[in-house]
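The structure appears below as structure tokens.
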Amino acid sequence: GENVEQHPSTLSVQEGDSAVIKCTYSDSASNYFPWYKQELGKRPQLIIDIRSNVGEKKDQRIAVTLNKTAKHFSLHITETQPEDSAVYFCAALVSGGYNKLIFGAGTRLAVHP
Amino acid sequence: EADIYQTPRYLVIGTGKKITLECSQTMGHDKMYWYQQDPGMELHLIHYSYGVNSTEKGDLSSESTVSRIRTEHFPLTLESARPSHTSQYLCASSVTGTGGEKLFFGSGTQLSVL
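Top line first, the protein sequences correspond to chains A and B. My numbering puts the first residue of the first sequence at 363, with every later residue one more than the last. My numbering puts the first residue of the second sequence at 8, with every later residue one more than the last.
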């Protein structure tokens with residue numbers, strides 16, 4: 363079946379450094395790739411998304427890149443801050459009878475002051 | 008304010024009890040979902056619905072059941088709770104926008120079965 367693999371499962375960086383999280387998807391027909399951030403004890407929230415007709419999208423310190431040929435996409439966070447510490451989930455939209463989002467297993471990011 | 012609401016926030020019950028986790032959304036979304044998640048871990052889809060009277064099982068086998076009689080309401084029921092059901096249950100709804108499916112999550116119900 364369709365799946366999304368996410369790496370690394372944990373990531374520890376110093377404040378100010380960059381962080382990169384990578385995901386690979388299996389369904390070549392997927393055309394939408396969102397990223398969700400879940401802070402400790404809170405609900406996941408959408409932080410950025412990208413469609414397949416775009417190779418890169420940026421929003422302030424976060425950016426997402428997409429390589430459709432290789433079927434992988436990445437989240438880049440620059441100038442990390444302690445409030446970036448959270449679990450990040452990538453997802454891919456799988457088309458079928460009904461569209462469905464398939465989530466990666468999550469990456470726990472810790473930003474140390 | 009348009010949002011997605013889950014009650015109760017926390018629930019501690021004994022084995023064998025029947026429970027219903029409530030989820031309501033005031034955003035007018037057709038699609039709703041239930042995810043099971045241990046704290047900070049993977050999101051497991053257990054049920055989803057694409058409209059009234061439509062329910063489907065998700066990727067993770069679950070002994071729970073759902074119903075969708077009204078657009079805004081998507082309750083999840085466990086007929087006989089067991090300790091293995093201890094987890095966080097997240098409800099979500101989604102809207103199909105330009106190019107994608109944006110999910111909005113509730114705050115979750117943390118269930119502990121003793």
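For glycine and all other residues, C-beta sits at the position ideal for the given N, C-alpha and C. None of the values given here were measured: they were computed from a predicted structure.
- Under 8 angstroms between C-beta atoms, does residue 417(A) make it to chain D? Absence of chain D from the displayed structure is noted, the protein chains being A and B.
- Task: Report all residues from its chain with a CB closer than 8 angstroms to the CB of residue 16(B); omit the five preceding and five following residues, and keep chain order.
- Result: Here residue 16(B) refers to the residue found at position 9 when the second sequence is read from its first residue. Same-chain partners within the cutoff: 114, 115, 116 and 117.
- Message: Out of 468(A), 374(A) and 464(A), which one is the CA nearest neighbour of residue 486(A)?
- Response: Limits of chain A in this structure are 363 at one end and 475 at the other, which puts residue 486(A) out of reach.
- Extent of the continuous beta strand (DSSP E) run through residue 474(A): Start at 1 with the first residue of the first sequence, and residue 474(A) comes out as number 112. Per DSSP, residue 474(A) belongs to the beta strand (DSSP E) from 469-474.
- Complete alpha helix (DSSP H) runs within the segment 26-60 of chain B (minimum length 4 residues, chain order): Positions of the alpha helix (DSSP H) runs, each at least 4 residues long and wholly inside the segment 26-60 of chain B, cannot be given because no such run exists.
- Message: Which of the three DSSP states is assigned to residue 91(B) in this structure?
- Response: Within the second sequence, residue 91(B) is the residue found at index 84, counting from 1. DSSP places residue 91(B) in the helix class (H, G or I) of the three-state scheme.
- Message: Under DSSP, the beta strand (DSSP E) around residue 424(A) begins and ends at which residues?
- Response: Locating residue 424(A) in the first sequence gives position 62, counting from the first residue. Where residue 424(A) is concerned, the enclosing beta strand (DSSP E) stretches over 424-429.
- Item | Neighbourhood of residue 385(A) by C-beta, 6 angstroms cutoff - its chain only, sequence neighbours within 5 removed | As a working note, residue 385(A) is residue 23 in the first sequence. Hits under 6 angstroms: 366, 368, 435, 452 and 466.
- Message: On the DSSP bridge list, what partners appear for residue 411(A)?
- Response: Position 49 of the first sequence, counted from the start, is the residue given in the question as residue 411(A). Residue 411(A) pairs with 396(A).
- Item | Boundaries (first-last residue) of the beta strand (DSSP E) holding residue 464(A) | Taking the first sequence and counting its residues from 1, the one referred to as residue 464(A) is at position 102. From DSSP, the beta strand (DSSP E) with residue 464(A) extends over 462-465.
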